[in-house]
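2 protein chains.
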Amino acid sequence: MKTEDVDAVRQLPLFQDARKETFAKIMRGVLLQRFPPGVTLITESDTADFLHVVVDGLVEMFATHGGRETTLSLVRPVGTFILAAVLTDQVYLQSARTVLKSRLLMIPAAHVRAAMGTDEGFTRAVVAELARGYRCTIKEVKNQKLRSGAERLANWLLQESARSGAGAAVELDVEKRKLAALLGMTPENLSRAFSTLRDYGVTSVGPAIRIGEPEALAAFARPNPLIDGPE
Amino acid sequence: MKTEDVDAVRQLPLFQDARKETFAKIMRGVLLQRFPPGVTLITESDTADFLHVVVDGLVEMFATHGGRETTLSLVRPVGTFILAAVLTDQVYLQSARTVLKSRLLMIPAAHVRAAMGTDEGFTRAVVAELARGYRCTIKEVKNQKLRSGAERLANWLLQESARSGAGAAVELDVEKRKLAALLGMTPENLSRAFSTLRDYGVTSVGPAIRIGEPEALAAFARPNPLIDGPE
DNA sequence: CGCGAGATTGATGGTAATCAACGAACGTGG
DNA sequence: CCACGTTCGTTGATTACCATCAATCTCGCG
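The listed protein sequences derive, respectively, from chains A and B.
Counting with my numbering, you get residues 1 to 231 for the letters of the first sequence.
Counting with my numbering, you get residues 1001 to 1231 for the letters of the second sequence.
Written as structure tokens, this is what we have:
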């Protein structure tokens, strides 16, 4: 692994406050690997071997049941996934696959568990990350149970606009079918939700979305920091 | 606070492995309080002041948005709630109210945060509890997105039967309207879901449910340890 | 140019929400 | 002890939303 990569990893929120020795110990046996799009990284019900960090690219978390599949979340740099399974040494509840060409840091689960308890700074970072993920998931349940499909799309657009900093012009970096699954609907219904939002100034050409009247869209979406916040 | 209560608290998973001093420190300023049914304990968007532990009784976690309300979970003894908000010193994402007469242990949030890092055993217990809650919530999202209403009810019945150890006779300890909200449907639809399950041997008289043909019900429900497990 | 994957649109059926009415259970006060 | 009111649960009718199936369209690519 290159020195510059090691330095980049050192800057990750998870490791910033870790002691030098802890970091060095964790880095032994670590893998920093590139993957093409569409590669399955982990599969639900497998035992947790590695903590994964998305250094670059985009990863989709998904789950299946009885022939159906749904997207649970998208993990962007610099995010981690399956931390909970790693910490408690249990099986994965989710599967993961790359959406774009991605670079992933893979840390042996045993190293993470060993580092906890010996390093307060690292432990705090782990707890913070775990709590963040937990709260995001609770928001997701509220989003699902308290809003309609079109409302979820409207709020997703507002959030995405804020996140990417692109203002009124939002560019999708995932297929619409994945967005549909993420929002808990079928691709067909996503199309219809988009045409519903035309009444509130949302227009789209392929993956390029324009939010023509942000106030009108927000009035329809009724965003709520207790559901939408990026945390 | 009585000695026997202190001893009982000491036995909680969260404190079992804590050092003596840590436990003593946390216990200063702790409240062990009784509440009648229907009391609102915390409200979403309030800042996290106390970590709550349900010592006895039953607590409902719920959330509201735009005039709607949904039940997110039921917390039974000996469970905690809003641990994530306490650890990261943020606002609650959920509200809580007692369903039954309950006894609650309330630990000042600052004490919990202070104890972390100085006590490895306690920290591990906190992390374990946090990870458990996280995983339960992920299961809940999968439950919502991958199953129909009747399937959610069927699986809930099977799980409840296993949890309470009552075998084929399940006794509801919450109103059906709350169960409906927990399962993500209206009370009317819960009624209809129950009549759907009659075809699979489920009969009910008031709050007393009988699972007449467990195999038939399971065949319909298709339980999945990656969704249903009690964790 | 032709192919294939994804996106869209239309038609249809099913599931769930809503509105309304009725009935049972319980508690209160007469 | 009973009349009454309230709350909860159930049932029916209706509507809205969403899933499914099918067909067409678009775009990128060989």
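By construction, the Cβ of each residue, glycine as well, lies at the ideal position given by its N, Cα and C atoms.
Between the alpha carbons of L1014 (chain B) and L1031 (chain B) lies a distance of about 16 Å. Think of a sphere of 8 Å around the beta carbon of V141 (chain A): the chain B residues whose beta carbon falls inside it are L1072, T1137, E1140, V1141 and Q1144, in chain order. Neighbours of Y134 (chain A) across chain B, judged by C-beta separation under 8 Å: A1084, L1130, G1133, Y1134 and T1137. Taking a Cβ-Cβ cut-off of 7 Å, the neighbours of R124 (chain A) in chain B comprise G1117, given in sequence order. If only uninterrupted beta strand (DSSP E) runs of at least 3 residues are considered, those enclosed by the segment 1088-1175 of chain B are 1095-1098, 1102-1108 and 1169-1171.
Between the C-alpha atoms of V91 (chain A) and P214 (chain A) there is a straight-line separation of about 43 Å. For I1227 (chain B), the neighbours in chain A by C-beta distance under 7 Å run, in chain order, H65. Under DSSP, the beta-bridge partners assigned to A1208 (chain B) are B:E1171 and B:V1205. Counting only residues of its own chain and dropping the five nearest sequence neighbours on each side, T1118 (chain B) has a CB closer than 8 Å to the CB of T1022. Apart from the 5 residues on each side of it in sequence, L1197 (chain B) sits with its Cβ closer than 8 Å to the Cβ of A1150, L1153, A1154, L1157, L1217 and F1220 in its chain, given in chain order.
Of the candidates A:L146, A:R10, A:Q11 and A:A131, the residue whose Cα lies closest to the Cα of D1089 (chain B) is A:A131. By the beta-carbon neighbour count (other beta carbons within 10 angstroms, threshold 16), G1057 (chain B) is buried. In this structure, DSSP gives R19 (chain A) a state outside helix and strand, which the three-state scheme calls coil. Here E1188 (chain B) is exposed: its Cβ has fewer than 16 other Cβ atoms, across all protein chains shown, within 10 Å.
For T40 (chain A), the enclosing beta strand (DSSP E) begins and ends at T40 to I42.
With a threshold of 16 other beta carbon atoms within 10 Å, A24 (chain A) falls short and is exposed. Look at S45 (chain A): its C-beta is under 8 Å from a C-beta on chain B. Annotated three-state conformation of L1226 (chain B) is coil, per DSSP. DSSP, read as helix, strand or coil, puts R1198 (chain B) in helix. DSSP places D49 (chain A) in the coil class of the three-state scheme, outside both helix and strand. As DSSP reads the structure, S73 (chain A) sits in a beta bridge with A:M61. When the Cα atoms are used, V1055 (chain B) and I1138 (chain B) turn out to be separated by approximately 25 Å. The C-beta distance from V53 (chain A) to L87 (chain A) rounds to 15 Å, too long to meet the 8 Å contact threshold. The DSSP-derived three-state label of T3 (chain A) is helix.
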